[in-house]
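Data block below; observations after.
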Amino acid sequence: MINHAHCTIESLSAHFIGNKANGQELLLSQHPLGTADEQLRELLLRFFLDAFEANEFFAFDSSNGDPSLNAVHQFAQRIFASRENFHEDTAGIARHLFDQTNHPKIKPGDLYVAYFTGLVLEDEVLDAVGLFKSENKQPFLQLHTEGPAFQLHHEDGTAIDKLDKGCLIFNANTEQGYKICIVDKSNRAFEAQYWRDLFLHVKPLANDYFHTTHYIRMAKDFVVNKLDEDFPVTKADKIDYLNKSVNYFKANEQLVDEEFAKIVFEDEGMADAFHQHREAYTQKHDLPLEDSFQISAASVKKQERVLRSVLKLDKNFHIYIHGNRELIERGFDEERGKSFYKVYFEEEQ
């Protein structure tokens, strides 16, 4: 978690990023923004920082793996070394972002670049460079008094609780490409690629959150897509294995690969197949998964949403399975020519 209780915005600049593919312009401001107003500073800190969860971290990358060749890395490095040319460096960042707007559906917006001191991340006080893009304006009303009369006006503005895209570059992990947090509220693939891959060009840092997230995804892929290729399992069986996987992550602080396979799959042949899938999955996705790591509770909570224990039967029924697999049986009614599930329970609620 990022603590900004004693954080200060030391420098702030803003520029407008049009969409080059649609013939829009890049508008560079001539001077940095003033932040002397105390209430304005508090609102800016909320707008810039509240959206960051600080569970998943990234580092700068480049096409040949050398982070020092990354354009945003170079600007951040200059700013950390000296803020004497801060505003000019922010203009360079804006030009680089503008150069990536080659898709006609990328939204134009305001780019803010800020320099923070006093941010606390994992008990360490750090400086950070923040990059924030506001793309969506919202209408709001203002009621003004003009003598004895009232006048109602409307304007478009930025909601401080809805940051569209953000990046915090912490002055840490400097040799490996800094330590970076990212916010991107877009659900569209081309926008995620535009901000994270084309503009920032970052790669995930392999921490506990990273390992937990990708191990759960790998285990789910095995159960959902591979298990029934070699073993006679039903959909209810698959849900049971997903439930066992979640229960393991909730009950333990440390994941041990061999232990996980034995507890969840029990059958030795199935456990061996799981290990083979893990090896193939990590090679395919180029993932440096460890055999043992601390389980991230934040990752488990987030990934649990995708491990939904729902048995969908045609369009008529959804059965949620949370526990004992032995209380549900699958069969086939020859007279009706339909499959069925039999569920045992003690109390109807």
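Add 3 to a position in the sequence shown, counting from 1, and you land on the number used in this note's numbering. Yeah, the Cβ is synthetic: ideal placement off N, Cα and C, and Gly gets one too.
Just measuring C-alpha positions, the residue of Phe135, Asp159, Val226, Lys229 sitting nearest Leu203 is Phe135. Partner residues in the beta bridge of Thr120, as assigned by DSSP, are Thr11. Here the region 207 to 227 makes contact with the region 282 to 300; the two share three or more CB pairs at distances below 8 Å.
For the 8 Å CB-CB criterion, Glu59 and Tyr212 form a contact. Residue state for Gln33 is assigned as coil, using DSSP reduced to three classes.
Asn250 sits in a helix when the DSSP states are folded into three classes. Positions of the beta strand (DSSP E) runs, each at least 3 residues long and wholly inside the region 211 to 267, are given as 257 to 259 in order along the chain. Within the same chain, no Cβ atom closer than 8 Å to the Cβ of Asn67 is found once the five residues on either side in sequence are excluded. Gln103 places its beta carbon less than 8 Å from that of Leu201. Annotated as proximal: Leu47 and Thr38, with beta-carbon spacing under 8 Å.
Under DSSP, Thr148 shares a beta bridge with Phe153.
Contact check for Ala131 against Ile82 fails: the beta carbons are separated by 8 Å or more. For Ser302, the enclosing alpha helix (DSSP H) has its first and last residue at 300 to 306. Between the region 13 to 21 and the region 115 to 128, the count of C-beta pairs closer than 8 Å reaches three or more; the two stretches touch. Counted as a single uninterrupted DSSP element, the alpha helix (DSSP H) harbouring Ile82 occupies residues 74 to 84.
If you ignore the 5 residues before and after Leu146, its C-beta comes within less than 7 Å of the C-beta of Phe153, Leu155, all in its own chain and listed in chain order.
Closest in C-alpha terms to Leu122, from the list Gln27, Cys184, Trp198, comes Cys184.
Remark: C-beta atoms of Gly334 and Phe348 do not approach each other more closely than 8 Å. Separation of Arg281 and His7 (C-alpha to C-alpha, rounded to the nearest whole angstrom) is 39 Å. Taken through DSSP and simplified to helix, strand or coil, Phe335 comes out as strand. The residue among Glu350, Val259, Ala54, Lys287 with its C-alpha nearest the C-alpha of Ser137 is Ala54.
Taking a 10 Å sphere around the C-beta of Phe61, we find 16 or more other C-beta atoms and assign the residue as buried. Restricting attention to Asp92, Ser71, Leu43, the CA atom closest to the CA of Glu178 is found in Ser71. Rounded to the nearest angstrom, the gap between the Cα atoms of Ala162 and Gln77 is 31 Å. In this structure, the CA atom of Trp198 is about 26 Å from the CA atom of Ser299.
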